[in-house]
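Numbering (my numbering), first residue to last: 23 to 116. Here a beta-carbon is modelled for each residue, glycine too, at the ideal position from N, C-alpha and C. What follows is a single structure, written as structure tokens, with notes after it.
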Amino acid sequence: MSSDNSRHGDNSLIPPARLSHAVLRTTRLEEMIQWYRIVLGAEVLYRNDVIAFLAYDHEHHRVALAAVPGLVERPKRSEEGLVSCNIENGITRC
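Given below as structure tokens:
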């Protein structure tokens, strides 16, 4: 898979240099797929009703989104969830 982002109509999009095998559970599979397509310039490589694998390069997936049956949406003020994540894009600013 190419990292050419012109297919999304945004030549300013720069995918991260390092992001590997992030797996996220969600009650909003379609919304999450669209978000990662826009933000990372990712393509859906495989999808069924429960899981979607997305990548923006040669990897078989960079992000997997899982709509686990029985999963319930967390309350908006929940203290659970992702706290920190580092995504490198290879750009150095001076």
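About 5 angstroms separates the CB atoms of arginine 47 and alanine 88; that is less than 8 angstroms, so the two are in contact.
Assignment of leucine 93 by DSSP, reduced to helix, strand and coil, places it in the coil class. Per DSSP, reduced to three states, the secondary structure at leucine 41 is coil, with no helix or strand assignment. Check the Cα spacing between tyrosine 58 and each of Glu81, Thr49, Asn70, Ala86: the tightest is with Ala86. Out of Ile60, Ile55, Val61, Leu62, the CA that lies nearest to the CA of tyrosine 68 is found in Ile55. In the three-state reduction of the DSSP assignment, valine 72 falls in the coil class, being assigned neither a helical nor a strand state. For alanine 86, the uninterrupted beta strand (DSSP E) segment begins and ends at 85 to 88. Check the Cα spacing between leucine 93 and each of Ile60, Val72, His82: the tightest is with Val72. Between the alpha carbons of histidine 83 and serine 42 lies a distance of about 8 angstroms.
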